[in-house]
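Numbering (this note's numbering), first residue to last: 220 to 538.
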């Protein structure tokens, strides 16, 4: 969707003007991974309007394949507005949230009736999706309409040839017209890799810590619980032996950060000067997925997620 960023700090009611940019959880992940040299395809639906033109052109310029994006002449491209919030110093561990973020960013979504909300099984080129090594989905799309939810359920259905499914819970209370707890839990249980913020897990399921979230979600092969400034924890369903060094020379995690066979890991978040928190969770997911494709150890994947999130936190845009 198209993101409108304020030209100065302050609440939405007082901001006089906005700069137009690119936003959206899945497209943020796509652009971040393309920037790292990955071959990425974004599959979505936009309006046959100027905002749709801007969105598709911008994502394509980031190096993402947009050939599977379709146009809807009867519905507009979704947009959202956010405030700049206040600058602060905090950890780079992305978390969830909605409405007003932990750093004071106010967000207003205008996605009801949008072109993307008309997606459903049969409207998407599933062959374009199944050709991927990883398919990244989010709970935001599930919230847009019954058709979108049906699409995500179809894409996460166990089947031969299904790519590795990554699912970011991305709970946004303002997008849901009904209870989301069981819906998002059901989708997460069918994914291979799941990302969830500890604040989201508490709001949705009353899970107070990463271990409680894992007890609730034993099915995913990898579960990542983002804890904001405290860092992030990850759980894997099978042991992964750490390598002696990473290809890019990053320092390996210490034994204190991972179990001997790395079924679990926790990595603290670096402290950064936060300019804008929006998009940090998407950057974290992209960094973790990129490291997963490189078959790096679990704790190193978390570290990559933190570093990618930190880069986004220090920039006013979503990417």
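We put the beta carbon where it would ideally sit given N, CA and C, even for glycine.
8 Å contact criterion, which residue i and residue j should meet: CB distance rounded
i: residue 335; j: residue 263; result: 6 Å
i: residue 445; j: residue 400; result: So it is not a contact: roughly 18 Å between Cβ atoms.
i: residue 426; j: residue 441; result: The pair is not a contact, with the Cβ atoms about 17 Å apart (cut-off 8 Å).
i: residue 294; j: residue 277; result: 20 Å between Cβ atoms; not a contact.
i: residue 404; j: residue 424; result: 7 Å
i: residue 164; j: residue 486; result: Since the first and last residues shown for the chain are 220 and 538, residue 164 lies out of range.
i: residue 377; j: residue 302; result: At roughly 42 Å, the Cβ-Cβ gap does not stay under 8 Å, so residue 377 and residue 302 are not in contact.
i: residue 436; j: residue 408; result: 6 Å
i: residue 453; j: residue 383; result: Their Cβ separation, rounded to whole angstroms, is 15 Å, which puts residue 453 and residue 383 out of contact at 8 Å.
i: residue 388; j: residue 438; result: Wrong, their Cβ atoms sit about 14 Å apart, outside the cutoff.
i: residue 329; j: residue 393; result: At roughly 11 Å, the Cβ-Cβ gap does not stay under 8 Å, so residue 329 and residue 393 are not in contact.
i: residue 366; j: residue 331; result: With 8 Å as the limit, residue 366 and residue 331 do not qualify as a contact, their Cβ atoms being about 13 Å apart.
Residue i CB to nearest heavy atom of the ligand SAH below 7 Å
i: residue 247; result: By its list of ligands, the structure shown contains no ligand whatsoever, and the ligand SAH lies outside what it can speak to.
Sequence-distant residues of the same chain with beta carbon closer than 6 Å to residue i, five excluded per side
i: residue 270; result: 221, 296
i: residue 368; result: 361
i: residue 470; result: Note that residue 470 scores a pLDDT of 41, beneath 50, so its modelled location is shaky; the value from the coordinates is reported in the next line. Around residue 470: no qualifying Cβ.
i: residue 279; result: 285
i: residue 524; result: 503, 506, 507
i: residue 522; result: 486
i: residue 466; result: Because residue 466 sits at a pLDDT of 45, beneath the cut-off of 50, its placement in the model cannot be relied upon, and the point is left open.
i: residue 468; result: In this predicted model, residue 468 has a pLDDT of only 45, less than 50, meaning its place in the structure is not dependable enough to derive any value.
i: residue 234; result: 225
i: residue 244; result: 357, 359, 389, 501
i: residue 318; result: Note that residue 318 scores a pLDDT of 36, beneath 50, so its modelled location is shaky; the value from the coordinates is reported in the next line. 393, listed in sequence order.
Same chain, Cβ closer than 8 Å to residue i, neighbours up to 5 away in sequence not counted
i: residue 508; result: 248, 252, 353, 355, 385, 412
i: residue 257; result: 509, 512
i: residue 283; result: 246, 249, 250, 253, 259, 260, 261
i: residue 275; result: 265, 285, 288
i: residue 223; result: 237, 238, 239, 240, 298, 299, 300, 301
i: residue 380; result: 349
Close Cβ partners of residue i (< 7 Å) along its chain, the five nearest in sequence each way excluded
i: residue 232; result: none
i: residue 421; result: 427
i: residue 475; result: At residue 475 the pLDDT is 37, less than 50, meaning the model places this residue with poor confidence; the figure from the coordinates comes in the next sentence. Cβ within range, chain order: n/a, list empty.
i: residue 340; result: 369, 370, 373
i: residue 281; result: 250, 253, 254
i: residue 395; result: 362
i: residue 236; result: 226
i: residue 268; result: 295, 296
Counterpart residues of residue i in DSSP-defined beta bridges
i: residue 413; result: 386, 442
i: residue 241; result: 221
i: residue 300; result: 223, 327
i: residue 539; result: With the chain represented from 220 up to 538, any question about residue 539 goes unanswered, as that position is not in the structure.
i: residue 291; result: 266
i: residue 520; result: DSSP, once it has assigned bridges, lists no residue as partnering residue 520.
i: residue 284; result: 260
Query - Cβ contact check for the stretch 353-365 and the stretch 282-289: 3 or more pairs under 8 Å - result: no
Query raised in the report: At what residue ranges does the stretch 340-376 contain a whole run of the alpha helix (DSSP H), taking only runs of 4 or more?
Result: 345-349, 358-363, 365-374
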